[in-house]
Structure formats: structure tokens, C-alpha cells
Ligand SMILES: [Zn+2]
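Numbering (this note's numbering), first residue to last: 960 to 1416.
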């Protein structure tokens, strides 16, 4: 209360004061539409150039009318929109990119240059605005990559025309998109004849998502939409088997040379189909029985939808929920034992921005300190050597974790973020750590809850 009263008094005494960031009135700055800025990120390991592709006026704005400025500091990039006349920040959002992931690969380290397409979306401005894109590297150093002053009346802005064949269908409609999280599910590698299968997959995955906390408790904060966008052929590309398909979004296994990694590089096509729906987040289900998926914070998540003879029945559902955790709440991978394609993804001694990973530089300032009981030591002991020695085929990983003294407690367990030393996760098990049916740990749940509230208020 102490903070609020002087602020209110000041506003009452002098209504000409520039609005504080907490008091941005949506209707003063924005129309109920979306501005989408498409751009290219080009570069190599240590060098980035951003070039503008195009600006598009999309119908409707699905996001919040009140939470316009991002307070989380999640993601490797930021988009900041300022009123050009006053310099007032009026919208900001963090996001990550396939480009910044690629920058940690051997290819980028060799000095090869590559280009990736990406988009940012924000409510359509009424007056001239400044658009700033910046990157925050793993050492928490921020660089401005791009700045553009744009008059919303300029003829350079294309107007998006909705496409009848891609009309969105509601799976779950809880209310006005401004006050709900709008999740859009798109099909990849489903032919026209397989749309019934896609609809049944939407139903299956939505039920799985809402079987986990905190999604179950907050189901009424979600709208779920899907678009029946059929592919010419069934399945997706798998370069390892020299198998190529004609599909709607061009998804492929072996993204960034990692067999199980499937992440879209045809950003523009996906955005154009998605623009027909109100959405905050996009999940793509791809019609394949081979284990795989991928996700980047505030971009897309993908997951496979059928099982082969090797997989266990719940794996596709696990992948869907795990990848959604990355996309939605910026959760980091808590595992450390699987092969990845990155080098120094979390540089030594640098605190990750992900809400569920830490280097534990100072236990008193631990970001999830409020969830740790006083008698839980930090770091929290567990038999990592014993765990690492379990045979890979073992079905006893969960039993082993359950036998540990600090099972069920929040602490700091070493081994996370693709590194067996120096990075810590909040609990022994979590859906971000293993193919677990344990669900999200309390720290991940907290981050998800914050995101749900941010988008639905
Ligand atoms: Zn977790």
C-alpha cells in the first residue's frame, strides 16, 4: 500500500503527468488489432544482423489489454515498443529464437553464416512508434540489434486478409481472448483424410495438458483453437532415412543436426496460417510415430503424435507437455544426461534466466528460496553417481529417485541444463527432468501460474 498511495496521489494532483508503466491505457496507444513484424536474423557465433522483411496488420489482438510490459526478463531477445513522441515504453515481451540456439552449434563456431526468419507481434499502434529488438546473451549482456520508427498509417504495412480455408475452430472456449490464454494447435503432415485423426489428437493432448497442475486448476483461463490445415502427404521429413514429404509447414527431424529435434524453419508460412485465429501460443502436432519434438520460448512447440514399436504409450503425451513448458513459461531442460547439439549453452558461472535452473552462486538469493524448507540443505545431497550408473534400459529411475532422502522436497539438486556439474534443478524429478508422470515441480508450476495470470488478466 505504501507504494501505491503516493502514486495515486500524484496522478490525482497532476493528470498531465506521463503515465507510469503501470498505468498504460491500452486504448490510448493501440487498436484492437495486431502488428506483426517479420524479420531475418543473420550471422555467425558472435555476430548478428537483423533485417526487416515486412510489416503486417492482422485482424484482432488476442493478448491482454492490461499486462503490456513484460516483467519476467525471460528469453534471449526482447521486443520493446515505445511511443515515438514521448519515449514511453508501451509494450515489451521476451522471446527466444532458433537462431540463438543455432549460434551455440559447431556450425556457427566455424564461422559459417546462416539466416533464420522470425516474427514479433504486438497490438497495432495508433501513433508512430519505435520498435527495438535486442538480444541478451548467456552472460546477461544486452545488445540492441534493430531499431525502426514506424508510422501506423504508412502504406508499407500490408493488411492481412483472412483465408476461409484456414478458419479456426474452437476446441475449448472459456471467454474473451483478451482475458484468456489463447492456445492454437496446428497440424503438420496430416492429409485431408487424416483430419479426423488430427481432431482426435487435439482432444487427446488438451486432456493430457489439463491433467497436469497447474493447468487443471486454471483450465477456465484457456481458449484452445485449432485450424485444419491439411498437408499433401502424410508424415514429415526424416533426412536420416532420405525420406521427404510435401507438407504444410515443412517440418523435419534432425533440426540443428539432432535426430529427435523437430523445429520449424518456415516461420512465415506458419504465421500466415495462424493469423486466421486469435492466439498467444502455437503448438504444432506432427503426424509421425518417430520420437521427436522441439520448442522455443514464445515461438512454437512441436511434438509427435503417434507411437512406434519402440516407444512407450505415454511418450508422445510427455513430449507435448514437456515442450509446452518451454514454449509457455520459458522452463529450461532439467536433464543433463541426453545428447544435445549445443556447446556451452549455459556458460560456466553465469546464472541462467530460466526460472527452474540455477548455478546457486548465493543460496540466500536463490530464485526459488521461498519454496525451500529451512532444514533442506543447499546444495541438496543426492546419489548422482548411483543414478548415473543405472543401466540405460533400467525401468527403475523413478524408484531410485524416490528412495532419496530429499524426495518430494524443493532444494538444489546438482545436474541440470545439459550439465552434470555446476547447474542445479529444484527437485529430484519433474517433467522437465525425466519422462516422468510426476508432473511439474513446484518451481515450474509457479512459473506456469505466473504466465497464465499474465496472459489472462
Ligand atoms: Zn521443474
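Glycine included, every Cβ here is placed at the ideal spot set by N, Cα and C.
Item                                                                                                                 : Value
Neighbour-count burial assignment, residue 1044, 16 or more Cβ in a 10 Å radius                                      : exposed
Beta-carbon proximity check, residue 1238 vs residue 1141, cutoff 8 angstroms                                        : yes
Sequence-ordered residues whose beta carbon comes within less than 6 angstroms of a heavy atom of ligand 1           : 1293, 1315, 1385, 1389, 1391, 1399, 1400, 1402 and 1403
Expected contact under 8 angstroms - CB spacing of residue 1024 and residue 1049 to nearest Å                        : 12 angstroms between Cβ atoms; not a contact.
Nearest residue (CA-CA) to residue 1020, options 1094, 1247, 1348 and 992                                            : 992
Euclidean distance between Cα positions of residue 1034 and residue 1289                                             : 7 angstroms
Three-state secondary structure (DSSP) of residue 1154                                                               : helix
Coarse secondary structure for residue 989, derived from DSSP in three states                                        : strand
Separation of residue 1411 from residue 1022, as counted between CA atoms                                            : 12 angstroms
Cβ distance (whole Å) where residue 1305 is taken to contact residue 1382 below 8 angstroms                          : 6 angstroms
Close beta carbons around residue 1119, own chain, < 7 angstroms, minus the five adjacent residues each side         : 1015, 1016, 1017, 1018 and 1234
Span of the alpha helix (DSSP H) around residue 1407                                                                 : 1401-1415
Beta-carbon gap between residue 1200 and residue 1148 smaller than 8 angstroms                                       : no
Selection from 1243, 1229 and 994 that minimises the alpha carbon distance to residue 1038                           : 994
Which of helix, strand or coil DSSP assigns to residue 1160                                                          : helix
Test item: CB-CB of residue 1186 and residue 1232 under 8 angstroms                                                  : yes
Residue 1184, enclosing beta strand (DSSP E) - first and last residue                                                : 1181-1185
Range covered by the alpha helix (DSSP H) that runs through residue 1228                                             : 1226-1233
Exposure of residue 1159, with buried meaning 16 or more beta-carbon neighbours within 10 Å                          : exposed
Same chain only: Cβ atoms within 7 angstroms of residue 964, ignoring 5 sequence neighbours per side                 : Annotation note: pLDDT 33 at residue 964 (below 50); position unreliable, no value reported.
As assigned by DSSP and simplified to three states, the class of residue 1033                                        : coil
Straight-line gap, residue 989 to residue 1109 (C-alpha atoms, nearest Å)                                            : 14 angstroms
First through last residue of the alpha helix (DSSP H) which encompasses residue 1345                                : 1343-1348
Limits of the unbroken alpha helix (DSSP H) element including residue 1275                                           : 1274-1288
Whether residue 1399 touches residue 1171 by CB criterion (8 angstroms)                                              : yes
Contact the region 1314-1326 vs the region 1342-1349: 3+ CB pairs below 8 angstroms                                  : no
Same chain, Cβ closer than 6 angstroms to residue 1254, neighbours up to 5 away in sequence not counted              : 1260, 1282, 1285 and 1286
Supposed close pair residue 1330, residue 1371 - CB separation, criterion 8 angstroms                                : Their Cβ separation, rounded to whole angstroms, is 11 angstroms, which puts residue 1330 and residue 1371 out of contact at 8 angstroms.
Beta-carbon proximity list for residue 1280, same chain, < 7 angstroms, skipping 5 on both sides                     : 1167, 1168, 1171 and 1390
Pair within 8 angstroms by beta-carbon distance, residue 1245 and residue 1278                                       : no
Check whether residue 1198 and residue 1212 have beta carbons under 8 angstroms apart                                : yes
Host beta strand (DSSP E) of residue 1016 (start-end)                                                                : 1006-1017
Residues sharing a beta bridge with residue 1077, DSSP                                                               : 998
Cβ neighbours of residue 1241 in the same chain (closer than 6 angstroms, five flanking residues each side left out) : 1143, 1233 and 1259
Limits of the beta strand (DSSP E) - the one that residue 1094 falls within                                          : 1088-1095
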